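Please read the structure below before turning to the comments.
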Amino acid sequence: MEIQFIELQSHGDSRGSLIALEEGENVPFKIKRVYYMFDTKHGVTRGFHAHKKLKQLAIPMKGSCRFLLDDGNDKVEVLLDDPSKGLLIDSFIWREMFDFTKDCVLMILADSLYDESDYIRDYEEFLKRVANDS
Ligand code: T46
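Residue numbering for the sequence shown follows my numbering, starting at 17 and increasing by one per position.
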């Protein structure tokens, strides 16, 4: 499975760092929604779903966490610990997020508004959908 990180150019100077996120430039889709998770409790794993259509870019604004990404054939674990590196998450990728540091603020840019019908929350159904589409 190909893991796609996007390098986000940091405009650093003596005052600190600044990163701009621009639709169609360093963000490869129309940004319809932004959400972020923070104050994640110790030992928690989130996610456990895939999306039918949604594409997202995950950026750890502070702290770190890990993602398990699963395309139905391969599973890859990645560490998000750099606010200048965004993880692109395509549709039909099962994701689980864990090992959140206490200070972790994970921001996600999404190409659609929230839509519960876009979620596949059953792993067996996910595997069936992937097998049928290939
Ligand atoms: C994803 C991973 C990375 C909303 O009302 N609006 C929203 O835009 C979102 C994302 C969630 N919610 C509600 C739905 C639930 O009642 O917030 C609650 C927590 O959402 P959920 O359990 O889906 O959170 P995660 O961390 O399991 O998954 C989220 C996204 O939902 C999902 O699309 O890819 O982060």
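Heads up, the beta-carbon is just placed ideally off N, CA and C, and yes, glycines get one too.
A quick note: this is a predicted structure, and the numbers were derived from the prediction, not measured.
What are the boundary residues of the beta strand (DSSP E) that residue i is part of?
{"i": "Asp86", "result": "Cys81 to Asp86"}
{"i": "Tyr51", "result": "Arg49 to Phe54"}
{"i": "Met113", "result": "Trp110 to Phe114"}
{"i": "Arg62", "result": "Arg62 to His67"}
What are the boundary residues of the alpha helix (DSSP H) that includes residue i?
{"i": "Ala74", "result": "Counting along the chain, Ala74 falls outside any alpha helix (DSSP H), though it belongs to the beta strand (DSSP E) covering Gln72 to Lys78."}
{"i": "Arg145", "result": "Tyr139 to Asp149"}
Suppose contacts are defined by Cβ-Cβ distances below 8 Å. Is residue i in contact with residue j by that definition?
{"i": "Arg49", "j": "Tyr130", "result": "yes"}
{"i": "Ser128", "j": "Lys68", "result": "no"}
{"i": "Trp110", "j": "Asp90", "result": "no"}
{"i": "Val94", "j": "Met17", "result": "no"}
So, is residue i buried or exposed, given that buried needs 16 or more other C-beta atoms within 10 angstroms?
{"i": "Asp97", "result": "exposed"}
(request) Can you list the residues near the ligand T46, meaning Cβ strictly closer than 5 Å to any non-hydrogen atom, in the order they appear in the chain? (result) Counting only beta-carbon distances shorter than 5 Å to the non-hydrogen atoms of the ligand T46, the qualifying residues in chain order are Tyr51, Arg62, Gly63 and Tyr130.
(message) I want to know whether the segment 81-90 touches the segment 103-120 - three or more CB-CB distances under 8 Å.
(response) Taking 8 Å as the limit for Cβ pairs, the verdict is that the segment 103-120 does touch the segment 81-90.
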